[in-house]
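In my numbering, the protein residues as written are 1 to 292. Ideal Cβ placement from N, Cα and C applies to all residues, glycine included. Only a predicted model underlies this, so the values are computations on that prediction, with no experimental measurement involved. To keep things clear, I will list the structure first and then write my remarks on it.
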């Protein structure tokens, strides 16, 4: 039992490191490749990696007809829309700030769960949403945010839309009655996403890809580590550790993203970013059911 718990903690730390450090890595990669082709490349590599894993485990199979809605829902929202939007947003926004905005997702899950799933929402969760929204207002206050720069406004808006879409995907996942496992359905969800992303990339992206060893490593890291391995590890952690522990651990991802961006990209750590991050993470912390 102790060994199992130790393995779970190692996996949790691994997920935080992989996802957190990936924000500056993605920012660097976008210097050489357009956002949609970056999404397509990452997903294609992840599809191969996860399919090979399932084939090795003897679990690669067609999804049950009951799981078709979740295959299309998660494929379109989480893999196609969310990943593409964060790449588009990263073109205009610092990586650390982008990580923080993308991880506001739990703030939007609470109202979604209340209105769509009819789940009860405690007073503490409402307070958490309020504190988190204060953090967003801090990040977008006119003294620290240039509302006249259309590209910056667009980038920040895309990241918030990405967080909203991820929240809708989470609500859909909660509502769905699963037949297959998350891992078994992942390659089919990625395949759905690729069927959407590749045509869009083909007809809309015009900047040529600047191939290099650096870009190849970044794509491999995103496909194998940040998508295939981290997704599997996050699922195992969720199964092995209490839900509160997992949710609190994942709060470290945007903070890791900010730290990694400061170290690798020399992004400044401003008072506004620090206060906004403290309020948003504090709001997410309040939403965790600490009584469990």
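DSSP-derived helix/strand/coil call for residue 91:
coil
Measuring straight from C-alpha to C-alpha, what distance separates residue 219 and residue 41?
7 Å
Three-state class that DSSP yields for residue 127 in the structure shown:
helix
From residue 221 to residue 260, what does the alpha carbon distance come to, in whole angstroms?
16 Å
Below 8 Å on the Cβ atoms is my guess for residue 99 versus residue 23; work out the distance and round it to an integer in Å.
With 8 Å as the limit, residue 99 and residue 23 qualify as a contact, their Cβ atoms being about 4 Å apart.
Please specify which runs of the alpha helix (DSSP H), each continuous and at least 4 residues long, are wholly inside the stretch 133-193, giving them in chain order.
150-175
Helix, strand or coil at residue 70 according to DSSP, with G and I counted as helix:
helix
Do residue 73 and residue 182 count as a contact pair if the criterion is CB distance below 9 Å?
no
For residue 270, collect the residues of the same chain with a Cβ closer than 8 Å to its Cβ; drop the 5 residues on either side in sequence, then sort them by chain order.
144
Of the choices 160, 88, 127, whose alpha-carbon is the least far from that of residue 102?
160
Excluding the 5 residues flanking residue 185 on each side, which residues of the same chain have their C-beta closer than 7 Å to its C-beta?
Annotation for residue 185: 63, 67, 70, 71 place their beta carbon closer than 7 Å to its own, counting only its chain and skipping 5 residues before and after.
Is the number of C-beta pairs between the stretch 6-22 and the stretch 148-159 that are closer than 8 Å three or more?
With the cut-off at 8 Å, the stretch 6-22 and the stretch 148-159 do not touch.
Collapsed DSSP secondary structure at residue 209 in the structure displayed
The answer is coil: DSSP assigns residue 209 none of H, G, I, E or B.
Taking just the CA atoms, how far does residue 241 sit from residue 225?
Their Cα atoms are separated by approximately 21 Å.
Specify the secondary structure class of residue 278 as computed by DSSP and reduced to three states.
helix
Contact check, residue 194 vs residue 44, beta carbons under 9 Å
For residue 194 and residue 44, yes; Cβs fall inside 9 Å.
Helix, strand or coil for residue 103 per DSSP?
coil
On the three-state DSSP scale, how would you describe residue 269?
coil
Any idea what DSSP makes of residue 63, helix, strand or coil?
coil
Classify residue 204 as helix, strand or coil using the three-state DSSP reduction.
helix
Which residue comes first and which comes last in the alpha helix (DSSP H) that contains residue 30?
Unbroken run through residue 30: none, as it is neither H nor E.
Can you determine whether any heavy atom of the ligand SAH sits closer than 8 Å to the C-beta of residue 127, and answer yes or no?
You won't find the ligand SAH in this model; it holds no ligand whatsoever.
Status (buried if at least 16 other CB within 10 Å, exposed otherwise) for residue 290
Summary for residue 290: the model assigns pLDDT 47, below 50, so the residue's position carries little reliability, and this model does not support an answer.
Between 13, 56, 88, which has its C-alpha nearest residue 37's C-alpha?
88
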